[in-house]
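Okay, structure first, notes after.
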């Protein structure tokens with residue numbers, strides 16, 4: 001069998017073979033982020049996307065069969081960008097808690113520059129529930145792996161698992177909603193430091209002399 | 001001025017005056033939670049709500065003008081139920097961190113019994129963004145007040161503010177999504193204890209001998 005099973009292909013199933021094709025696909029996805037972010041899935045249209053992208057309608061159908069398909073591809077694309085934004089700020093030799101802080105800083109910066117991401121991922125819960133779930137399960141899985149690394153290095157306590165990762169993810173998502181999307185009244189660095197202090201020492205008052 | 005300002009009235013502006021009226025309104029809101037939770041806002045219908053409630057169509061219009069209006073009233077109602085679910089588990093003399101743990105336990109129990117709440121509140125971001133924002137701002141505000149109480153009692157550290165409240169709320173919401181709505185593979189008590197341990201001591205490994 002040399003014919004790939006379409007059901008196993010990626011959301012954006014037609015991969016461009018030329019540099020020009022890759023640029024067109026990129027333009028379409030960037031335009032889709034604006035179109036879906038501003039208008040929502042139901043109001044968004046394929047012609048709205050191609051107009052914003054400055055491409056012909058035919059180019060759209062070279063890569064996507066429908067509005068649903070580019071929406072799924074966009075969620076996959078944004079999910080990858082979130083992963084990269086968190087990763088870009090990481091250096092390999094950072095202590096485990098600084099890794100979490102750097103990842104949150106990167107995410108908050110990304111969310112400020114791409115405020116539409118919240119609306120798109122959130123609407124995905126209704127348009128394509130499987131992709132919504134996949135996005136968060138993947139993100140939690142990455143956090144859980146980082147925590148396990150911190151425990152192996154002797155920096156984090158034993159027994160950290162999936163639920164700790166979900167707790168951190170929820171903290172980060174809600175801090176992003178409040179301090180990156182709704183308002184920028186605090187600096188990204190202050191918010192990341194505040195979240196980091198929770199992971200470092202919790203909220204309890206420490207006996208004096210104990211930092 | 002004895003005439004109330006209509007802009008200050010509750011979303012469900014026609015308040016029932018009799019016990020029977022209160023029961024009908026309650027039935028309509030409970031039916032709306034199922035209808036919107038199962039079908040989503042766009043697919044949900046007023047006749048679907050009255051059929052589930054076992055009330056006449058006229059009863060619906062006694063209390064609500066439209067599908068939008070009962071949706072807003074429902075979000076307000078659910079927001080109040082979340083508040084009550086967290087509050088019911090509280091005793092007035094609990095230490096501050098046990099208050100947070102009890103509030104999360106109550107919320108997780110409520111979310112397991114009313115899984116539709118996530119879909120309804122999340123869809124509210126698109127149907128009625130102001131109510132969506134209000135729900136989370138109110139919730140964060142309550143958490144912030146509880147934290148301030150803990151600091152006053154000398155149990156929590158100084159300087160806890162709005163962002164700490166948003167961090168806790170995000171943690172709770174995502175733990176609820178994963179462990180109350182998507183799966184019940186861990187007990188409510190285990191998840192609440194795990195979240196509590198983050199607030200109590202963070203994730204860092206403590207020097208041995210220091211609990």
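Residue numbers (UniProt numbering), protein chains in the order written: chain A, 1 to 211; chain B, 1 to 211. Cβ atoms here follow ideal geometry from the backbone N, Cα and C, with glycine treated the same way.
Do residue j and residue i count as a contact pair if the criterion is CB distance below 8 Å?
| i | j | result |
| --- | --- | --- |
| residue 67/B | residue 33/B | no |
| residue 170/A | residue 174/B | yes |
| residue 176/B | residue 111/B | yes |
| residue 49/B | residue 73/B | no |
| residue 198/A | residue 165/A | no |
| residue 60/A | residue 127/A | no |
| residue 122/A | residue 130/B | no |
Among all the DSSP beta bridges, which residues are the ones paired with residue i?
| i | result |
| --- | --- |
| residue 194/B | Looking at the DSSP assignment, residue 194/B forms no beta bridge with any residue, so it has no partner. |
| residue 156/A | 204/B |
When you compare each of the options to residue i by their alpha carbons, which one comes out closest?
| i | options | result |
| --- | --- | --- |
| residue 14/B | 149/B, 144/B, 62/B | 62/B |
| residue 78/A | 177/A, 120/A, 126/A | 120/A |
| residue 53/B | 206/B, 29/B, 72/B | 29/B |
| residue 95/A | 205/A, 200/A, 204/A, 207/A | 200/A |
| residue 207/B | 159/A, 163/A, 154/A | 154/A |
| residue 157/B | 182/B, 97/B, 166/B, 69/B | 97/B |
| residue 64/B | 83/B, 16/B, 82/B | 16/B |
| residue 39/B | 147/B, 25/B, 71/B | 71/B |
| residue 150/B | 37/A, 47/A, 203/A | 203/A |
| residue 113/B | 152/B, 138/B, 188/B, 19/B | 188/B |
| residue 135/B | 55/B, 56/B, 118/B | 118/B |
| residue 57/A | 93/A, 103/A, 24/A | 24/A |
| residue 168/A | 128/B, 27/B, 178/B | 178/B |
| residue 140/B | 161/B, 18/B, 124/B | 161/B |
| residue 125/B | 163/A, 37/A, 55/A | 37/A |
| residue 186/A | 55/B, 18/B, 116/B, 163/B | 163/B |
| residue 75/B | 138/B, 101/B, 182/B, 181/B | 138/B |
| residue 147/B | 182/B, 83/B, 100/B, 122/B | 100/B |
| residue 115/A | 21/A, 172/A, 183/A | 183/A |
| residue 196/A | 21/A, 46/A, 103/A | 103/A |
| residue 22/A | 55/A, 46/A, 82/A, 205/A | 55/A |
| residue 205/A | 180/B, 26/B, 152/B, 181/B | 152/B |
| residue 35/A | 80/A, 84/A, 51/A | 51/A |
| residue 69/A | 46/A, 81/A, 88/A, 145/A | 46/A |
Within the present structure, is the beta-carbon of residue i separated from the nearest heavy atom of the ligand SAH by less than 7 Å?
| i | result |
| --- | --- |
| residue 67/B | By its list of ligands, the structure shown contains no ligand whatsoever, and the ligand SAH lies outside what it can speak to. |
Is residue i close to chain D? Criterion is C-beta to C-beta, closer than 8 Å.
| i | result |
| --- | --- |
| residue 101/A | Of the protein chains in this structure, namely A and B, none is chain D. |
List, from N- to C-terminal side, the alpha helix (DSSP H) runs of 4 residues or more that fit wholly inside the UniProt domain "HTH tetR-type" (22-82) of chain A.
46-53, 57-63
Quick check: the stretch 101-110 of chain A against the stretch 183-199 of chain A, are there 3 or more CB pairs under 8 Å?
yes
Could you name each continuous beta strand (DSSP E) segment of 3 residues or more that falls completely within the stretch 79-145 of chain A, going from the start of the chain to the end?
none
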